[in-house]
Amino acid sequence: MKLLKLPNKLHGGQLTQCEALEGKLYIIGGKWLSIWDTEMLLGSAKGKTDVKNVKELAKLELSLLESKQEDGRWLITLGNGRIVYGSDHLLASLKLTDDLKIDEKEGTREICNFKDTEAITDLKYDSNNQLLFVSLSKANSIQILNAKTWALESTIELKSKPISIITDPLGQLLTVILQNRSIQIYQYDVRGSTKLHQTINQFVQTNPLPYRMTMSPQGDVVPMINSLHNNVPTAVLLDRLQKFKIKVSLVGYVADCKILKFSQRLYSKKKSSTSDDIQTFNLLASSGNEDGNVVLWNTKRIKPLFDASKVVNSYITDLEWDHSGLGLFAISQDGQLVIFAFETSELGDVMPLDAVEEARKEIKLLEPLPFKPKTEEDTTKLPAIKAVQQNSANTKKQQKVTEVSISSSSNMEFVQPSYTVPKDLKRRPPVEDPLLSQGKPTTKKPRKDLDQMDFLDTNLLLPSVSFSKVRLAHPKIRLSFQYNSQDDTVLEIKNGSGNDQKPTIITLTKKDKEAEKQLFQTYLPKFITLCTSGSTFWAWATDMGTIYVSSISGQMLFPPMILGIPISFLEGCGDYLLCITSIGQMYCWNVQVGKVAFPVNDVYSLLSPMLRYSDDVLSRAENITMCAITAKGVPIVTLSNGDGYMFDKNMESWMLINDSWWPYGSQYWNFMTSSGVDCGNGGDDKKDKYWNAEADALAKEIKNNRNSIIGYLETKTNDELSRKGRMKHLQRFAKVLLMKEGFENLEEMITLAHLENKILVSFRLEENEEAIKLLKIYCIRLAEMGYTDRFSQTLSWLYDPTNSKFLALGSEKRHDLIKEIIISCADIRQVQRITTSYANEIGIIDNSL
1 MKLLKLPNKL
11 HGGQLTQCEA
21 LEGKLYIIGG
31 KWLSIWDTEM
41 LLGSAKGKTD
51 VKNVKELAKL
61 ELSLLESKQE
71 DGRWLITLGN
81 GRIVYGSDHL
91 LASLKLTDDL
101 KIDEKEGTRE
111 ICNFKDTEAI
121 TDLKYDSNNQ
131 LLFVSLSKAN
141 SIQILNAKTW
151 ALESTIELKS
161 KPISIITDPL
171 GQLLTVILQN
181 RSIQIYQYDV
191 RGSTKLHQTI
201 NQFVQTNPLP
211 YRMTMSPQGD
221 VVPMINSLHN
231 NVPTAVLLDR
241 LQKFKIKVSL
251 VGYVADCKIL
261 KFSQRLYSKK
271 KSSTSDDIQT
281 FNLLASSGNE
291 DGNVVLWNTK
301 RIKPLFDASK
311 VVNSYITDLE
321 WDHSGLGLFA
331 ISQDGQLVIF
341 AFETSELGDV
351 MPLDAVEEAR
361 KEIKLLEPLP
371 FKPKTEEDTT
381 KLPAIKAVQQ
391 NSANTKKQQK
401 VTEVSISSSS
411 NMEFVQPSYT
421 VPKDLKRRPP
431 VEDPLLSQGK
441 PTTKKPRKDL
451 DQMDFLDTNL
461 LLPSVSFSKV
471 RLAHPKIRLS
481 FQYNSQDDTV
491 LEIKNGSGND
501 QKPTIITLTK
511 KDKEAEKQLF
521 QTYLPKFITL
531 CTSGSTFWAW
541 ATDMGTIYVS
551 SISGQMLFPP
561 MILGIPISFL
571 EGCGDYLLCI
581 TSIGQMYCWN
591 VQVGKVAFPV
601 NDVYSLLSPM
611 LRYSDDVLSR
621 AENITMCAIT
631 AKGVPIVTLS
641 NGDGYMFDKN
651 MESWMLINDS
661 WWPYGSQYWN
671 FMTSSGVDCG
681 NGGDDKKDKY
691 WNAEADALAK
701 EIKNNRNSII
711 GYLETKTNDE
721 LSRKGRMKHL
731 QRFAKVLLMK
741 EGFENLEEMI
751 TLAHLENKIL
761 VSFRLEENEE
771 AIKLLKIYCI
781 RLAEMGYTDR
791 FSQTLSWLYD
801 PTNSKFLALG
811 SEKRHDLIKE
821 IIISCADIRQ
831 VQRITTSYAN
841 EIGIIDNSL
């Protein structure tokens, strides 16, 4: 090994971060960025180049830092000359030309400035997905930015201050070290969607300074420094393939560690001189908080490979491996650049880059996050439906959903509802049955008591000022977010400070292939939490429950509507705007007419209040996983148990669309989940001796109809049941039940009940084409099963034009449908008398014959 410390201090004596990419070493410190040739630096360490001739390729003054009077601290190289740099509060980007000068066309661009709000604690880049991760103090969050557009994709809300973050070379996991000494790992994807993957049971010592750590290049190991074991901090390697259990403890480094970085290459060496067995390993370099030591580890050895003591007089601020795998660069707080140059015999044979790629293939990738991006092709095929996913992870984009594989209108963080009750509320204390508890120890965990407070006159009936049993979560206030409509218009919300000094900016932009056109811009001294759009309007809601509705040109259509309570769901489609407040009130307005579509209702009845009743009045209920409205103005809600409901304005009540019981017995259930996984209730195993080819063809047409609202909701039910692991269990239960005495016709009854409900719902949703196909299937099945009374009654309803069940069908359509049913069932003996009678009545056959 050769070690060289450049004699001159760089950047006026303070260096903070360095990055090596494409044969160049980038160093930031103060208000300067210097660029070095890594081959020249390593050559000078080995004596091939005179140290006096070693100079930087370029030294650039970061003017934006100069104007903000801040020092550079963060540095990320994106490739192709693109660089991100920043201070404690500022992030900026610049583009370099081939001769390493700042591109005058792009110049320096400010990405974001947190000076008045937050401080940056760490900055990482994922080159696979081109995402930039920014961890922030005070807000205790991580912002995920698109490195192409610098748009905010999503935000991860944390319970403690994030100290450091580690990105995954496979582009799937983000490891976060928190100030409370816990470690959380999140799964993410290219769209910025996130999900908590695992919380690691490792506690670490933390300090205000960020740790600089990287995963192994093949992505199988997460390093963790200062992990407490018997109150002694040590560095450990956590095995990704074994649920992040400790794989190796690195012994021999006593001082508190601050930097632990893997070389980006794999190494190999023979196990012994007499053996041909090849051992593959990684190399790591580390340094501490206060000393100038640099320690190198081989992952197949417990003890350090070497320990270079006091290479600088202050402390090391960053380490960076050269891409060749045979060089290491260290920078210090006092402006020193130190070069370590190794020989192959000292470290081992550097394996080719393909070895890293092959090693990555051995790691099983995680299942993709459930929400899929829409394409232009999908947009033209989808039903006019929109939804909000209440229990999902964060993302910025709020899109109108019209596809069966729904990506939801918004994946947001929600404020959990309050569990406060009035002090004068009469609550019956739970009484334990002495017979049940006799001789048995009490193991039931005591409940946390509800918080009590004085409510404003609890005798009032107004739910907004009295005690409410319905309490829904509502969205947190986001720094900024966007909503994309189907006609390529984007509503962008940039929340200010909620006051006159810094109002919220609301901008509507039309995106064309060549350019963008701003349609309108307005300001509001309030926080915006939700927004949506219909065919001719846009609407947004404040955190205090005020709704603003405007035309596409920005003209206000109504005065602001004050509901006085935070809003949980705001959905628009066609001419209709739907709103559900955090206390369960449901409003539906026809914006075109300017009045409510039906009287104000609520979602209380959907949350199974009797089933979930408890003596404490407030109890857990199913979550609302989707709230939507169709273009015809029909509200639709789905719950976390898989059930789906629609509100019928004529009956002024909620009606069941999907029952989670039907997937286990109905032969006409939508058998596929949104991810394409068979739920086990489909195909040929349901066909029996009565199976009709025409009914089978109609069922396939309905199943393949991507515009089917009912089909989409059945898919959503499958997803919920699969997510909870209930699908296979209840299918086995149903099969056992079928073999019991008295349940022989269970499958037939469930099938008919399911078909009847689908027909009625389709007509109420005004999906007449689908309803007619379902009605044909239903009559064929009735005829095959021999249910002559139901068959006759159905034809009687169709023949009577005044029947309210099928008012949507005119007399001509009714007679055509009866004719088609008679032809389909003509060869079924059980119903021939009925079909003959109706055939004579409508003139299919001549009575004189």
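For reference, each letter of the sequence shown is one residue, going 1 to 849 in the UniProt record's numbering. All C-beta atoms in this analysis are idealised placements derived from N, C-alpha and C, irrespective of residue type, glycine included. A quick note: this is a predicted structure, and the numbers were derived from the prediction, not measured.
Looking only at its own chain, which residues have a Cβ that is under 8 Å from the Cβ of residue i, when we skip the five neighbours before and after it?
i: E19; result: L25, Y26, L75, I76, T77 and E320
i: G47; result: K2
i: A541; result: I528, T529, L530, C531, I547, Y548, I567, L570 and C579
i: N705; result: G711 and E770
Within 10 angstroms of its Cβ, does residue i collect 16 or more other Cβ (buried), or is it exposed?
i: T199; result: exposed
i: E701; result: exposed
i: V134; result: buried
i: V677; result: Unreliable positioning characterises V677 in this predicted model, as indicated by a pLDDT of 39, which lies under 50. A coordinate reading is not provided.
i: K758; result: buried
i: P370; result: buried
i: N282; result: buried
i: E516; result: exposed
i: M40; result: buried
i: M586; result: buried
i: T375; result: For T375, the predicted model reports a pLDDT of 40, less than 50, meaning its position is unreliable; a value from the coordinates is still stated below. By the neighbour-count rule (16 or more Cβ atoms within 10 Å), T375 is not buried but exposed.
i: G810; result: exposed
i: D277; result: exposed
i: M749; result: exposed
i: N840; result: exposed
i: T380; result: For T380, the pLDDT reaches just 31, beneath the cut-off of 50, and the residue's location in the model is therefore unreliable, although a value from the coordinates is still provided. Exposed, since its Cβ has fewer than 16 Cβ neighbours within 10 Å.
i: P801; result: exposed
i: D168; result: buried
i: S93; result: buried
i: M249; result: Residue 249 is actually Ser in this sequence, not Met. Exposed: under 16 other Cβ atoms inside 10 Å.
Could you say which of the options lies nearest to residue i if we only look at CA atoms?
i: L774; options: R829, S708, L713 and Q555; result: S708
i: M785; options: I823, L746 and N757; result: L746
i: V593; options: T581, I580 and D575; result: D575
i: E756; options: I834, Y668, D696 and N692; result: Y668
i: E290; options: T317, F281, I278 and D307; result: T317
i: N768; options: L577, D800 and L817; result: L817
i: Q17; options: I331, T715 and I177; result: I331
i: V54; options: Y85, L10, S67 and K364; result: L10
i: L90; options: N80, G107 and L64; result: L64
i: F558; options: Q187, D543, L577 and E571; result: L577
i: N8; options: Q336, D827, A783 and S127; result: Q336
i: P164; options: L123, N146 and L158; result: At residue 164 the sequence reads Ser, which differs from the Pro that was named. The residue with the shortest Cα to Cα distance from S164 is L123.
i: I35; options: G12, G13 and L60; result: L60
Kindly identify the DSSP beta-bridge partner or partners of residue i.
i: M224; result: V236
i: V490; result: N484 and T509
i: A20; result: L25
i: Q585; result: D602
i: L479; result: Bridge partners of L479: none, in fact.
i: W74; result: G86
i: Y188; result: T194
i: H474; result: V415
i: L259; result: First, the amino acid is wrong: residue 259 is Ile here, not Leu. BP columns for I259 point to R212 and S287.
i: F647; result: W654
Quick one: what's got a C-beta closer than 6 Å to residue i's C-beta in the same chain, skipping five residues either side?
i: M556; result: S550
i: residue 850; result: Past the edges of the chain, shown from 1 to 849, lies residue 850, and the structure says nothing about it.
i: G327; result: L42 and A341
i: K261; result: T214, A285 and L319
i: V176; result: P162, I165 and Q184
Apart from the five residues just before and just after residue i, which ones in its own chain have a Cβ nearer than 7 Å to its Cβ?
i: I844; result: K819 and I822
i: S568; result: L472, A473, H474, I580, T581 and S582
i: D659; result: D643
Could you tell me whether any non-hydrogen atom of the ligand SAH is closer than 6 Å to the CB of residue i?
i: L15; result: What this structure holds is no ligand at all, so the ligand SAH is not there to describe.
Any beta carbon from chain B within less than 7 Å of residue i's own beta carbon?
i: Y668; result: No chain B appears in this structure, which consists of one protein chain only.
**Study point:** Meets three-Cβ-pair contact criterion under 8 Å: the stretch 489-501 and the stretch 522-529
**Key:** Cβ pair count under 8 Å is three or more, so yes.
Exercise for review: Could you say if the stretch 147-165 and the stretch 475-483 meet the contact criterion of at least three C-beta pairs nearer than 8 Å?
Suggested key: Pairwise C-beta distances place the stretch 147-165 in contact with the stretch 475-483, as three or more of them are shorter than 8 Å.
Review point. On the three-pair Cβ rule with 8 Å, is the stretch 354-368 touching the stretch 287-307?
Key: Judged by Cβ distances under 8 Å, the stretch 354-368 makes no contact with the stretch 287-307, as fewer than three pairs qualify.
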